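Peer 1: If you use our numbering, the sequence shown corresponds to residues 11 to 421, in order.
Where a beta carbon is used, it is the ideal one built from N, C-alpha and C, also for glycine.
If you're wondering where the values come from, they're calculated on a predicted model, not measured in any experiment.
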Amino acid sequence: MSDKSLHTVMLDADRCKGCISCMKRCPTEAIRVRNGKAKVLYDRCIGCGECVRMCPHQAKLPAYDPFDSIFDYKYRIAVPAPSLIGQFNNLENVDLILNGLLELGFDDVFEVARGAELISEETRNIMREGKVKKPIISSACPAVLELIMMKYHSLASHVLDLVAPADVALRLAREEAEAKGIPSEDIGVFFISPCPAKVYALKTGMGLKKPAADGVLSVSEVYFKLLSVMPKIKEIKHISKTGILGVRWAASGGESLGIFQDRYLAADGIENVNNVLRAMEDGNLNYIDFVELGACTSGCVGGVLNVENPFVARVRIRALRHKLPPLDNHLDEVDKPREFYHWEVTPEAKDVYRLDSDFSVAIEKMRAIEQIYAELPHLDCGGCGAPSCRAFAEDVVNGETTLDMCTRREK
Numbered sequence: 011m012s013d014k015s016l017h018t019v020m021l022d023a024d025r026c027k028g029c030i031s032c033m034k035r036c037p038t039e040a041i042r043v044r045n046g047k048a049k050v051l052y053d054r055c056i057g058c059g060e061c062v063r064m065c066p067h068q069a070k071l072p073a074y075d076p077f078d079s080i081f082d083y084k085y086r087i088a089v090p091a092p093s094l095i096g097q098f099n100n101l102e103n104v105d106l107i108l109n110g111l112l113e114l115g116f117d118d119v120f121e122v123a124r125g126a127e128l129i130s131e132e133t134r135n136i137m138r139e140g141k142v143k144k145p146i147i148s149s150a151c152p153a154v155l156e157l158i159m160m161k162y163h164s165l166a167s168h169v170l171d172l173v174a175p176a177d178v179a180l181r182l183a184r185e186e187a188e189a190k191g192i193p194s195e196d197i198g199v200f201f202i203s204p205c206p207a208k209v210y211a212l213k214t215g216m217g218l219k220k221p222a223a224d225g226v227l228s229v230s231e232v233y234f235k236l237l238s239v240m241p242k243i244k245e246i247k248h249i250s251k252t253g254i255l256g257v258r259w260a261a262s263g264g265e266s267l268g269i270f271q272d273r274y275l276a277a278d279g280i281e282n283v284n285n286v287l288r289a290m291e292d293g294n295l296n297y298i299d300f301v302e303l304g305a306c307t308s309g310c311v312g313g314v315l316n317v318e319n320p321f322v323a324r325v326r327i328r329a330l331r332h333k334l335p336p337l338d339n340h341l342d343e344v345d346k347p348r349e350f351y352h353w354e355v356t357p358e359a360k361d362v363y364r365l366d367s368d369f370s371v372a373i374e375k376m377r378a379i380e381q382i383y384a385e386l387p388h389l390d391c392g393g394c395g396a397p398s399c400r401a402f403a404e405d406v407v408n409g410e411t412t413l414d415m416c417t418r419r420e421k
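#1: Report yes or no: do the segment 237-246 and the segment 206-214 share at least 3 C-beta pairs separated by less than 8 Å?
#2: Can you tell which of I269, F321, A378, V178 has its C-alpha closest to the C-alpha of G279?
#3: Check each candidate in C394, I202, A207, L165 and name the one with the smallest Cα separation from N284.
#4: In this structure, does DSSP put E2 in helix, strand or coil?
#5: So what does DSSP say about R44, is it helix, strand or coil?
#6: By the DSSP assignment, the beta strand (DSSP E) with R86 in it spans what residues?
#7: For the putative contact between I243 and N109, defined by C-beta atoms under 8 Å, what is the C-beta separation to the nearest angstrom?
#8: Would you mind working out which of R288, H332, S398, V407 sits nearest Y162, comparing C-alpha positions?
#9: Report the start-end ranges of each beta strand (DSSP E) in the segment 266-299 that is 3 residues or longer and not cut off at the edges.
#10: Would you kindly work out how many angstroms separate the C-alpha atoms of R377 and R63, rounded to a whole number?
#11: Can you find the residues in the same chain that come closer than 7 Å, C-beta to C-beta, to M11, ignoring five residues on each side of it along the sequence?
#12: According to DSSP, simplified to helix, strand and coil, what is G198?
#13: Got a sec, what are the start and stop residues for the alpha helix (DSSP H) P175 sits in?
#14: Please state whether the Cβ-Cβ distance between C310 and C205 is less than 8 Å.
#15: How is the beta strand (DSSP E) around S228 delimited, first residue to last?
#16: Leaving aside the five residues before and after D390 along the sequence, list all residues of the same chain whose C-beta is less than 8 Å from its C-beta, in chain order.
#17: For V4, write down the residues that DSSP places opposite it in a beta bridge.
#18: To the nearest angstrom, how far is the alpha carbon of A91 from that of G293?
#19: Output needed for A126: all residues of its chain with C-beta closer than 6 Å, excluding positions within five of it in sequence on either side, in chain order.
#20: Report the rounded CA-to-CA distance for K129 versus S367, giving the unit in angstroms.
#21: Along the chain, where does the alpha helix (DSSP H) that runs through V325 open and close?
#22: Decide if D82 is buried, meaning its Cβ has at least 16 other Cβ atoms within 10 Å, or exposed.
#23: Helix, strand or coil: which one does DSSP assign to L21?
#24: I think A207 touches C58, with their Cβ atoms under 8 Å apart; what is that distance to the nearest whole Å?
#25: Within the chosen definition, does the segment 72-89 reach the segment 135-147 through at least 3 CB pairs nearer than 8 Å?
#26: Taking the alpha carbon of C36 as the reference point, which residue from H332, A305, L386 has its own alpha carbon closest?
This is the structure we're talking about:
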């Protein structure tokens, strides 16, 4: 399915007040306000969740599968993101959460952190080989990857061609279940996601020929269900098979720690990500070897499908460093060729800002936009329903609105 509204963010029109908070914060200018309601231009949406975070009326609804969808399968596997761990206070044993998932109806658990440790090792291999342009950009955050493919085409060759740790975990989890003799059609593998960008990436199979997940659940929904069952667990079985390096991928800088090098840059928050990417385009960061970028504040712990404050969750993740081994998963222990960890399908650059497929028509539109823009007050107030005066001029030329919607223009 190509409609991003099914996988990213939907609008509750009854709650929307047309306040433009979401429109002004969208990093790709993917939102307009028309007739008093927000409208998402899904071809420009990167699923970062910033509109969900900023909406004062809770009118933006991130998309994910309902928890009960797991019962459509006879054998159910939970694949939790490391950020789930950061939601719980005073956690002494990660296995308590994993046992809780079994109590909720899952038959097995496969941690995404295991996939993260394998991707870290493959990243180290790639950096030693020196075949990717530096600074090398992590491909782990799907919102950042979408942003690069939309706005920073010149940086595409710097991006690691590695699938996300969740994809590694999902595929290995399915193969382990099949190796036990469980029929493939009975197996349901469910990723527990901290953000809508990952929901979109996992449900569409970003970088893969087909999606690895049978469903994507919300960390917040699973969290509240776990709260009711975890206190009742009497015997905690040892399930966890990951080290702290995999778990620390949940917070900004965690992936960079796994490459064992000093010249790295880790930035989080979509505004900071945009600033770093612009600096890279200008050639100002050529002394950096590795760039880790996360659209959410503090990394995945800041995703809008989480519950806990991201800074608190980050502290909780860091506190586990003495309770887990440094590293527990290695490539030579997994019987897979290196291609398993790399993209099967290379994401393509997207011309979502192209004015027209006909070059001569596009030039004429550009001239018209510049002419209209020159008449505007350059206040970027948002009163016209567009995020900036230039975006408004473009909308007028494209027939999406009329010039009289700008009430501050001198007539």
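Peer 2: On the basis of the coordinates in this document:
#1: no
#2: F321
#3: Ranking C394, I202, A207, L165 by Cα distance to N284 puts L165 first.
#4: There is no way to answer for residue 2, as the model of the chain reaches only from 11 to 421.
#5: Residue state for R44 is assigned as strand, using DSSP reduced to three classes.
#6: 85-90
#7: 5 Å
#8: R288
#9: Fully enclosed beta strand (DSSP E) runs of 3 or longer: 274-278.
#10: 36 Å
#11: Summary for M11: the model assigns pLDDT 40, below 50, so the residue's position carries little reliability; its value from the coordinates is reported in the next sentence. No residues qualify anywhere along the chain.
#12: strand
#13: 175-189
#14: yes
#15: 225-228
#16: P397, S398, C399
#17: It is not possible to answer for residue 4, since the shown part of the chain is limited to 11 through 421.
#18: 34 Å
#19: P175, G256, W259
#20: Just to set this straight, residue 129 is Ile in the shown sequence, not Lys. Those two C-alpha atoms are separated by around 39 Å.
#21: 320-329
#22: exposed
#23: strand
#24: 6 Å
#25: no
#26: A305
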